Structures are given as C-alpha cells and as structure tokens.
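Chemist:
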Amino acid sequence: MTWSLFVVQLLNGIQYGFLLFLMAAGLTLVFGIMSFVNLAHGSLYMMGAYFAAWAFNNGLFGIKESFLIAAFVGVTGSFVLGVVLERTLLTGLYARDHLDQVLATFGLILVFNEVARYIWGVSPYYMQVPKALEGTVDILGIAYPSYRFMIILVGAGVALGMYWLIQKTRIGMLIRAGASNAPMVGALGVNIKLLNTLLFGVGAALAGVAGLMAGPILSVQPGMGEPILIVVLVVIVTGGIGSIRGAFYAALIVGVIDTVGRVFLPIMLREIMERSLAQAAGPAIASLLIYLVMAVVLAIKPEGLFPVKNG
Amino acid sequence: MLKTLKPAWIAILVMVVLAAIPIYAALASQPFYVTLFSRIMIFALAAVALNLILGFGGMVSLGHAFYLGVGAYAAGILTAEGITSGWAHLAAALAAGLVFALAIGAVSLRTHGMIFIMITLAFAQMGYFLVVSLKNYGGDDGLPLPTRSDFGIFSLANNTVLYYLIFVCLAATLWFFSRLIESRFGYVLRGAKSNERRMLALGFPVFRYKLAAYVISALVCVVAGFLLANLTKFSSPSYMAWVVSGDIIVIIVLGGMGTLFGPVVGAIVFLLLEELLSSWKPGWFPGIEEVINKHWLALIGVFVIVVILTAKQGLYGQLVGGRLGKRMANGGAASSGGTRHA
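Sequences listed follow chains A and B, in order. Residues in the first sequence are numbered from 1 upward in steps of one, following this note's numbering. Residues in the second sequence are numbered from 1 upward in steps of one, following this note's numbering.
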C-alpha cells in the first residue's frame with residue numbers, strides 16, 4: 001500500500017517538476033541573455049491556459065473538445081502574446097535595473113488578472129481531460145492516470161528538444177553566445193534584437209504549454225499564475241539563474257520534494273510525535289520544505305546549484 | 001513655485017495636514033477619513049522602513065510584507081491567548097521580528113541583485129504558508145482581535161487615539177531615520193549602495209552594516225504590522241501576501257526612492273488612488289464606472305507601469321527637484337556628502 005502510494009506520489013512529483021521546468025526554462029533563458037526578470041511569466045501561463053480551455057470548450061472551425069486544437073490555440077496564443085508584449089513594452093525595460101523590471105511586470109500581472117476576470121469571469125473555468133487520455137497506464141504494476149503520464153512525456157520531450165536546440169543548432173550557439181556577451185554578439189552582426197524577441201516568444205509559448213497541460217488537472221482562474229510563478233522563481237534561484245540545466249534539475253527536485261513531502265511528512269511526523277501536534281505541524285512544514293531547501297542551497301552556494309560561468 | 005520651496009517645508013506641510021485630518025473628519029462628520037488615513041500612515045511607515053534599505057542601501061527586498069504579518073500576528077496570537085497588554089504585544093512582536101530579521105537577513109544578504117529579490121520573496125512566502133497553516137489561529141480565514149491592544153495609560157478603543165499613535169510612530173521614525181541617514185552609519189550604508197567593493201576595500205565590514213540596516217527596517221515594519229492589526233482588529237494572512245510587498249515597493253518608487261519623505265507622499269497618492277478607483281461614482285458614464293469599480297486593479301497596474309516608465313525620480317523626488325533627483329536616477333545615490341535628504 002505505502003509502496004504504491006509512494007510510486008504514485010513520486011510520479012506526481014516528477015509530473016509537477018516537468019510543469020515547473022516548462023515555466024522555468026523560458027524565464028531563465030530570458031534572464032540569462034537579457035538580464036531581464038519577467039514576473040508576468042505567470043500571467044503568460046494563465047493566458048495560455050485560458051486560450052486553450054476556451055478553444056477546447058468553444059471549439060474552432062466547428063470542432064469542439066479537441067485537445068489538439070486547444071493545444072494549437074493555447075501555444076500560438078501565448079507565443080503571439082509574448083512577442084507583442086516584448087516588442088511593445090518590455091524592450092524598453094532591458095536597460096533598466098532589476099527593480100524597475102520587477103515593478104513594471106508586477107503592474108502587468110495586475111492588468112492580466114483583471115483582463116482574465118473581465119473576459120472569463122471570477123469563477124474557475126474548467127477543461128476536461130481529453131477522451132483518449134481518460135484511462136490509466138500501467139507503471140511498475142501501478143495504475144497511473146494517462147493524462148498525467150502524458151505531461152511527463154511532453155515535459156521530457158521539451159527538455160530533450162531544448163537540449164538539442166541549445167547545444168546542437170546554430171540558433172542555440174547564438175543563444176549561448178548571447179548569454180555570455182550579448183553586445184559582442186550584436187557587434188558581430190547578429191540581429192540580437194530579433195533573437196531576443198524570438199527567445200521571449202519561445203519562453204512564452206513554453207509557459208503556454210505548461211498552462212495547457214495544467215488546465216485539465218487544475219482549475220483555470222484569474223491569479224492562477226502567481227502561486228506557480230513563485231515556485232518557479234524558487235526553482236530558478238536554486239538551480240542557478242540563467243542555467244537551463246540548473247532549472248531542469250532544480251525543477252525536478254522541487255517538484256518531487258514538494259509533492260512527496262506533502263503526503264509523507266505528516267505521516268512520518270505522526271510516528272515521532274503526538275497525533276494532534278503532527279496534524280497541525282505536518283502540512284505547515286511540508287509547505288515550507290521547498291523554501292527551506294532553497295534557503296539551505298543559497299546559504300551554502302549563493303549562486304545556486306549550477307551557476308552560469310561567464311554570465 | 002514649488003521648486004523654490006525647501007524640501008523640508010513640503011514634508012512639514014504634509015505632516016501638518018496629516019495631523020489635522022481627525023479634526024477635519026470630526027467637523028465634517030466623516031469618521032471614515034480617520035480610518036482611511038490611519039491605513040495610509042501605516043503603509044507610509046512600512047514604506048519609509050523599507051526605503052531605508054531599498055533607497056539608501058540598494059537592497060531590494062520583495063518580502064517586507066512578512067514583517068507586517070509578524071507584527072499583526074504577534075498582537076493577534078497573544079490576544080487570542082488572553083494577553084491583552086499592548087506592551088507585551090509590542091515586545092513580543094519586536095522580539096519575534098528581531099529573530100526572524102537576523103536569520104533571514106543573514107542568509108539573504110549573502111546574495112546580491114536579482115537573487116536577493118527572489119530569496120526575500122521566498123522567505124515571505126514561507127511566512128505566508130506558515131500562518132495559513134496555523135489552524136488554531138484562524139488559518140486561511142485570519143484571526144479577529146476582539147479588542148485592541150491595551151496600553152493602560154491610553155485606550156486604543158478610540159479611533160482618534162489610535163490615529164495619533166500611528167502619527168507619532170511615523171513622525172518619530174522619520175526623525176530617527178533623518179538622523180540615521182546623516183550619521184556615519186548612514187554614510188557607510190549609502191557608500192555600500194553605490195560601490196560595495198570600494199567600501200570593502202576601505203575596510204568597512206559592509207555585511208554587518210547592511211544586516212543592521214535590514215534589521216532596523218524590519219523592526220519598523222513589524223511596528224507597522226502591529227498597528228495595522230490594531231486598526232483592522234484583524235490579523236490576516238493576506239497582510240503577508242507578496243502583492244503587499246510589491247505594493248510597498250511601488251509606493252516607494254512612486255514617491256521617490258532615496259528620499260526620506262518620498263514614501264509618505266507615495267503612500268498617500270497610492271492608497272487614495274485605490275480608494276478612489278474602487279468606489280468612484282460621479283455618474284458620468286454608468287457602464288464604464290461599474291467596470292472601473294470592479295476592475296480597478298487593472299488601472300492600478302497600468303498606473304504602476306506608466307510611473308515606472310516615465311517618472312524615475314518619483315513624485316516627491318520630482319518636487320524637490322533637479323539636482324538631487326538627477327543624481328538618484330544616475331544611480332549615484334548621493335554617496336558624497338552635502339546632499340540633503342529631507
């Protein structure tokens with residue numbers, strides 16, 4: 001019983017970790033190259049989820065409840081939104097200090113939340129799990145929901161794709177070069193502005209993918225971006241700001257610790273202390289775990305687990 | 001015309017107006033103003049406190065709402081346990097704040113720039129989840145205070161008395177900070193903002209100075225939180241929400257960071273704007289007004305973006321004018337002597 005519970009929770013943790021990675025990848029890339037911090041990344045996730053859920057429920061070209069169409073609309077929508085946002089507003093902030101960037105994107109969060117509330121209302125907006133993925137798959141003799149398993153697969157696919165893109169392609173080479181010295185790359189004749197815009201758009205699209213995936217398992221509602229954004233910030237800081245590799249490992253660590261801790265910490269505490277006390281303290285400590293991990297990591301390595309060199 | 005006024009006079013003028021608010025409220029029989037401006041002054045106090053490390057020390061803490069919560073919950077929890085003495089509340093709040101600020105500061109200040117912003121945010125979130133999980137003390141719903149803190153010699157049950165207590169706290173903090181900033185301590189702090197490496201090379205133990213400033217700033221915020229719980233008779237987890245930390249920074253930047261009095265102006269403008277937008281009904285465009293009243297946060301968001309993009313010096317910084325403001329915007333942070341920080 002406990003074994004199967006553990007495996008399920010571990011898988012849930014990995015699945016959550018991949019969702020976090022989808023968010024963290026875009027954010028950390030943008031930070032690594034443009035030294036720009038975008039708190040509104042959570043809003044892009046929210047908008048992606050809304051676009052997808054809207055397309056799923058209302059249909060496009062008369063096809064309703066198609067997950068592929070939802071995916072197309074969600075991802076394209078957040079990509080376009082990201083590019084427009086970058087071109088119109090955010091480029092003006094690149095040269096500013098971090099404080100201005102944090103505040104301006106903080107303002108953007110307020111705007112996006114109200115826009116979502118205005119268009120789709122306050123109450124949560126639901127999106128069904130696609131019919132084909134309603135069942136379960138068999139992993140190590142344990143039935144695990146197919147949809148959640150698909151999130152793991154998509155996350156792993158995106159991680160591999162990112163690795164290929166950054167390590168093996170010309171664009172990836174430019175991205176890496178931009179991360180270590182953007183003005184120099186520009187001086188060598190690369191259109192660094194276009195690269196920035198593209199990168200920001202890809203980051204936004206990945207946030208949209210995360211929103212799309214999260215739609216059927218969480219409720220889509222205004223303000224859904226902030227809680228995950230803060231966890232993503234924890235991931236990025238723990239992994240080392242600007243490092244994709246760091247974001248990947250930290251996302252999985254944080255996802256697993258958070259999910260497994262929430263289930264097993266109260267059980268473990270019950271073994272060693274009084275029941276009533278454990279019941280009160282268990283969930284409290286579990287929700288603090290990831291922040292504690294981050295604090296410990298930063299106390300030992302202020303630059304994070306995988307600091308970027310030449311940054 | 002205004003630019004010819006000395007900065008100190010603007011500050012004194014604003015404080016005189018603040019002191020006169022309860023009298024005006026009594027004459028106009030609008031007791032609501034007393035509560036509104038109590039709230040404004042509490043946020044002004046928190047913003048002035050954060051500005052000590054943000055504007056003068058260059059440490060952007062996105063987690064100062066945590067200390068508001070510490071103050072509020074110290075009062076709330078002790079009242080729930082049957083201890084109503086205000087002195088005990090204040091002592092407990094300050095002691096808890098000191099412990100937290102030393103621990104959090106010691107870890108956070110090892111980092112710089114962006115990571116510092118994020119780590120302070122994360123610590124504040126930790127505090128938020130901690131109070132949410134305190135099921136015995138209200139958890140998610142917050143903790144109502146049946147009575148306000150009891151100081152014996154004066155009763156806070158009266159809103160006007162509480163108002164003047166907050167006023168005195170704010171005025172005392174402004175005076176204390178004005179002395180602090182011009183002291184050797186203040187010079188070291190400002191030096192560390194403009195060039196930490198040089199200060200280290202000169203032999204200053206910068207970390208200790210920054211930690212001390214962080215703790216002072218946190219403790220003033222704790223007092224603000226204590227006052228906030230007394231004003232609302234409620235300790236809510238929402239005081240610790242990260243949006244509140246963001247709001248406090250917006251207030252500072254709006255008023256003018258790196259000026260002592262700027263955050264007070266920022267708090268007045270920001271909170272009045274909030275109040276106005278959420279209840280504005282002049283009857284001109286019925287449909288639009290309803291949308292504004294419902295979605296005023298979006299307008300606040302737009303306002304924040306516009307302020308950040310245009311007014312680098314903040315309102316008060318603009319007002320006290322040219323030379324000082326320009327140096328702030330250049331990041332020079334007035335590290336050399338002779339600049340007034342009124």
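Beta carbons are placed, not taken as given, at the ideal position from N, Cα and C, and that holds for glycine. Quick caveat: nothing in here was measured; it's all calculated off a predicted structure.
Let me confirm a value: isoleucine 300 of chain A is counted as buried when at least 16 other C-beta atoms fall within 10 Å, else exposed. Which label applies?
Modeler: By the 10 Å Cβ count, isoleucine 300 of chain A comes out exposed.
Chemist: Using the rule of at least 16 other Cβ atoms within 10 Å of the residue's Cβ for burial, across every protein chain shown, is valine 296 of chain A buried or exposed?
Modeler: Answer is exposed; the Cβ neighbour count stays below 16.
Chemist: Look at the alpha carbon of arginine 323 of chain B and the alpha carbon of leucine 153 of chain A, and state the distance between them as a whole number of angstroms.
Modeler: Unreliable placement is indicated for arginine 323 of chain B, whose pLDDT of 45 sits below 50; the coordinate value is still reported in the next sentence. Going from the Cα of arginine 323 of chain B to the Cα of leucine 153 of chain A covers about 59 Å.
Chemist: Please list the partners that methionine 118 of chain B has in chain A, where partner means a Cβ-to-Cβ separation under 7 Å.
Modeler: Going along chain A in sequence order, the residues near methionine 118 of chain B (Cβ under 7 Å) are Leu233, Val237.
Chemist: Compare the C-beta of phenylalanine 200 of chain A against all C-beta atoms of chain B and say whether one is closer than 9 Å.
Modeler: Phenylalanine 200 of chain A does not count as touching chain B.
Chemist: Mind checking who tyrosine 125 of chain A pairs with in its DSSP beta bridge?
Modeler: According to DSSP, tyrosine 125 of chain A bridges with A/Val220.
Chemist: Is DSSP giving threonine 136 of chain A helix, strand or coil here?
Modeler: Threonine 136 of chain A falls in the strand class under three-state DSSP.
Chemist: Nearest-angstrom Cα distance between valine 16 of chain B and tryptophan 9 of chain B?
Modeler: Rounded to whole angstroms, valine 16 of chain B to tryptophan 9 of chain B spans 10 Å at the Cα level.
Chemist: Closer than 7 Å, Cβ to any Cβ of chain B: which residues of the segment 274-301 of chain A, in chain order?
Modeler: Flagged, chain order: Ala280, Pro283, Ala284, Ser287, Leu288, Tyr291, Met294, Ala295, Leu298, Ala299.
Chemist: Are there three or more Cβ pairs, one per stretch, closer than 8 Å when the segment 216-228 of chain B is compared with the segment 46-54 of chain B?
Modeler: Taking 8 Å as the limit for Cβ pairs, the verdict is that the segment 46-54 of chain B does touch the segment 216-228 of chain B.
Chemist: So which of B/Ser278, B/Ile268, B/Ala80 has the shortest CA-CA distance to phenylalanine 234 of chain B?
Modeler: Of the candidates B/Ser278, B/Ile268, B/Ala80, the one whose C-alpha sits nearest the C-alpha of phenylalanine 234 of chain B is B/Ala80.
Chemist: Does the beta carbon of isoleucine 285 of chain A fall short of 8 Å from some heavy atom of the ligand SAM?
Modeler: Ligands displayed in this structure: none; no statement on the ligand SAM is therefore possible.
Chemist: Sorted by chain position, which residues of the same chain lie with C-beta nearer than 8 Å to isoleucine 257 of chain A's C-beta, five sequence neighbours on each side aside?
Modeler: Excluding sequence neighbours, isoleucine 257 of chain A sits near Gly13, Leu289, Ile290, Val293.
Chemist: Quick one: which chain B residues come within Cβ less than 9 Å of glutamate 86 of chain A?
Modeler: Residues of chain B passing the Cβ test: none, with the nearest at roughly 14 Å.
Chemist: Which class does tyrosine 164 of chain B belong to by DSSP, given the choice of helix, strand or coil?
Modeler: Residue state, collapsed to three classes: helix.
Chemist: Contact defined as beta carbons within less than 8 Å: I believe leucine 19 of chain A pairs with alanine 214 of chain A. What is the distance between those atoms, to the nearest angstrom?
Modeler: Right, their Cβ atoms sit about 6 Å apart.
Chemist: Counting contacts by CB-CB distance shorter than 9 Å, is aspartate 258 of chain A in contact with chain B?
Modeler: False, the Cβ-Cβ gap to chain B never drops below 9 Å.
Chemist: Using the three-state DSSP reduction, which class does serine 279 of chain B fall into: helix, strand or coil?
Modeler: Serine 279 of chain B: coil per DSSP, three-state reduction.
Chemist: Can you check DSSP and say which residues form a bridge with serine 85 of chain B?
Modeler: Serine 85 of chain B is bridged to B/Asp150.
Chemist: Roughly how many angstroms separate the alpha carbons of alanine 20 of chain B and glycine 86 of chain B, rounded to a whole number?
Modeler: Between alanine 20 of chain B and glycine 86 of chain B, the C-alpha separation is close to 26 Å.
Chemist: Anything in the segment 232-263 of chain B with a Cβ closer than 7 Å to a Cβ of chain A? List those residues in chain order, please.
Modeler: Going along the segment 232-263 of chain B in chain order, one finds Trp242, Gly246, Ile249, Val250, Val253 with a Cβ nearer than 7 Å to chain A.
Chemist: Could you check how far apart the C-beta atoms of alanine 49 of chain A and valine 220 of chain A are, in whole angstroms? I think they sit under 8 Å.
Modeler: That belief holds up - the Cβ atoms of alanine 49 of chain A and valine 220 of chain A are roughly 5 Å apart, short of 8 Å.
Chemist: Just mark threonine 105 of chain A as buried or exposed, buried being the case when its beta carbon has 16 or more other beta carbons within 10 Å.
Modeler: Looking at its Cβ environment, which holds 16 or more other Cβ atoms inside 10 Å, threonine 105 of chain A is buried.
Chemist: Secondary structure at tyrosine 144 of chain A, three-state DSSP: helix, strand or coil?
Modeler: Strand at tyrosine 144 of chain A.
Chemist: Based on the DSSP output, what are the partners of phenylalanine 234 of chain B in its beta bridges?
Modeler: In DSSP, phenylalanine 234 of chain B forms a bridge with B/Pro144.
Chemist: Using a Cβ-Cβ distance under 9 Å, would phenylalanine 303 of chain B count as near chain A?
Modeler: Yes - at least one Cβ of chain A is within 9 Å of the one on phenylalanine 303 of chain B.
Chemist: Spatial neighbours of glycine 223 of chain A within its chain, please: C-beta separation below 7 Å, excluding the five flanking residues on both sides.
Modeler: So the qualifying residues of the chain are Asn113.
Chemist: Any idea what DSSP makes of serine 183 of chain B, helix, strand or coil?
Modeler: Coil at serine 183 of chain B, not helix or strand.
Chemist: Please decide whether glycine 225 of chain B counts as near chain A, where near means a Cβ-Cβ distance under 9 Å.
Modeler: No, glycine 225 of chain B does not count as interfacial toward chain A.
Chemist: Identify the contact partners of methionine 126 of chain B in chain A, using a Cβ-Cβ distance below 7 Å as the criterion.
Modeler: Going along chain A in sequence order, the residues near methionine 126 of chain B (Cβ under 7 Å) are Leu288, Tyr291.
Chemist: Using the Cβ count rule (16 or more neighbours within 10 Å means buried), how would you classify arginine 39 of chain B?
Modeler: Under this definition arginine 39 of chain B is a buried residue.
Chemist: Hey, is glycine 92 of chain A's beta-carbon within less than 9 Å of any beta-carbon in chain B?
Modeler: By this cut-off, glycine 92 of chain A is an interface position.
Chemist: So tyrosine 45 of chain A is in the alpha helix (DSSP H); what residue range does that whole segment cover?
Modeler: That run of the alpha helix (DSSP H) goes 41-58.
Chemist: Going along chain A in order, which residues have a C-beta closer than 8 Å to the C-beta of alanine 122 of chain B?
Modeler: Correct list: Ile230, Leu233, Val234, Val237, Tyr291, Met294, Ala295.
Chemist: In the segment 69-96 of chain B, which residues sit with their C-beta less than 7 Å from some C-beta in chain A, listed in chain order?
Modeler: Those would be none; no residue qualifies.
Chemist: With a floor of 3 residues, list each beta strand (DSSP E) that falls wholly inside the segment 232-271 of chain A, ordered by position along the chain.
Modeler: Those beta strand (DSSP E) runs which fall completely within the segment 232-271 of chain A and span 3+ residues do not exist here.
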